[in-house]
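Chemist:
Numbering (the working numbering), first residue to last: 54 to 368.
Listed below in structure tokens is the structure:
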């Protein structure tokens, strides 16, 4: 368990895969910015000298055999205890000198402090136009669905409280984990603070592990899945309403023909329309039931978060 708040412990978390070009500088920068912090480098099956360079710079190096950033973060959150956690990448794109201010905000009581790239230099520094488009698309979609105003949904530079880390269920396996974190926080009404940071593109020789199309599809799939789980009534209710209305319209056309001719000439259409109406009603009912279950899950989360906060204060 972490120490008391008058002498807070800080852990810097650096998930890495083949970052030998930059990891040494990143460790040194965070050591200078947070001299009393423990710096953890989790090596995710690197085939270069990432682990040995990090160890030579004084970082605590551990291995995570399950490939994917989400798997690494899951292991970090499970293994490490601290009052505040700072998560960054090992590619030297995030400024370490912003970390003390992020830690201070987390100690003020925020559950998650978001290093906001998009309000500063991201769109100028990032040379991948599809990534810029994807960031805007994900941001606007999530803010619209959750009625929020988060600027940078997918940033990898964040600070967390102990309670957040120990109650956040990491389900994603890859780079979509940051999107999952944000949706989880918005769904559970956690305390968020956005802090603009100066983003810089990767230095020469450092290669991005992101696949624009593949990882973009995974992010959109994560959004779809989490909306289905966290917002079941709008999801299933809206789908059921559309299907039900189509059935009602088809039933109406058959009914109008019957009124004018006294005959039902399109029995297959009538049967199909009735099935659509029934399907729509079932989806709406399913949405209502799942919405009640989702609210109960949020209640359980609040109880668990309170329990972890209480245990932390008792130490």
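All residues carry an ideal CB built from backbone N, CA and C; glycine is no exception.
Would you list the one or two residues that DSSP bridges to residue 309?
Modeler: DSSP, once it has assigned bridges, lists no residue as partnering residue 309.
Chemist: What separation, rounded to the nearest whole angstrom, lies between the Cα atoms of residue 96 and residue 76?
Modeler: Taking the straight line joining both Cα atoms gives about 11 angstroms.
Chemist: When you compare the region 222-234 with the region 331-350, are there three or more beta-carbon pairs, one atom per stretch, that lie closer than 8 angstroms?
Modeler: no
Chemist: If you draw a straight line from the alpha carbon of residue 114 to that of residue 287, how long is it in whole angstroms?
Modeler: Spanning the two alpha carbons is a distance of roughly 45 angstroms.
Chemist: Contact check, residue 135 vs residue 215 under 8 angstroms by CB: the rounded distance?
Modeler: Between residue 135 and residue 215, the beta carbon gap of about 7 angstroms places them in contact (Cβ cut-off 8 angstroms).
Chemist: Among residues of its own chain, excluding the 5 on either side of residue 235, which ones have a beta-carbon nearer than 7 angstroms to its beta-carbon?
Modeler: Here the set comprises 195, 203 and 206.
Chemist: Give a single yes or no on whether residue 98 has its beta carbon closer than 8 angstroms to a heavy atom of the ligand FMN.
Modeler: Absent from the structure shown: the ligand FMN. Ligands present: none.
Chemist: Cutting at 7 angstroms between CB atoms, please list the residues of its own chain near residue 280, excluding the five before and the five after it.
Modeler: 198 and 288
Chemist: Do residue 106 and residue 169 have their C-beta atoms closer together than 9 angstroms?
Modeler: no
Chemist: Contact check, residue 244 vs residue 333 under 8 angstroms by CB: the rounded distance?
Modeler: So it is not a contact: roughly 39 angstroms between Cβ atoms.
Chemist: Among 147, 219, 330 and 299, which has the Cα closest to the Cα of residue 164?
Modeler: 219
Chemist: Can you tell me where the beta strand (DSSP E) with residue 247 in it begins and where it stops?
Modeler: From DSSP, the beta strand (DSSP E) with residue 247 extends over 245-249.
Chemist: Can you tell me whether residue 352 is buried or exposed, with buried defined as 16 or more other CB within 10 angstroms of its CB?
Modeler: exposed
Chemist: Is the distance from the Cβ of residue 81 to the Cβ of residue 110 below 9 angstroms?
Modeler: yes
Chemist: Quick check on the burial criterion: 16 or more other C-beta atoms within 10 angstroms. Buried or exposed for residue 57?
Modeler: With a pLDDT of only 48 at residue 57, under 50, the local geometry of the prediction cannot be trusted, and no value is derived from it.
Chemist: I want to know whether the region 313-327 touches the region 355-368 - three or more CB-CB distances under 8 angstroms.
Modeler: no
Chemist: Using the beta-carbon count (16 or more within 10 Å), is residue 306 buried or exposed?
Modeler: exposed
Chemist: By the 10 Å Cβ neighbour count, where 16 or more other Cβ atoms means buried, how is residue 237 classified, buried or exposed?
Modeler: buried
Chemist: Using the beta-carbon count (16 or more within 10 Å), is residue 85 buried or exposed?
Modeler: exposed
Chemist: Quick one: grab the DSSP three-state call for residue 228.
Modeler: coil
Chemist: Residue 222: buried (16+ other C-beta within 10 angstroms of its C-beta) or exposed?
Modeler: exposed
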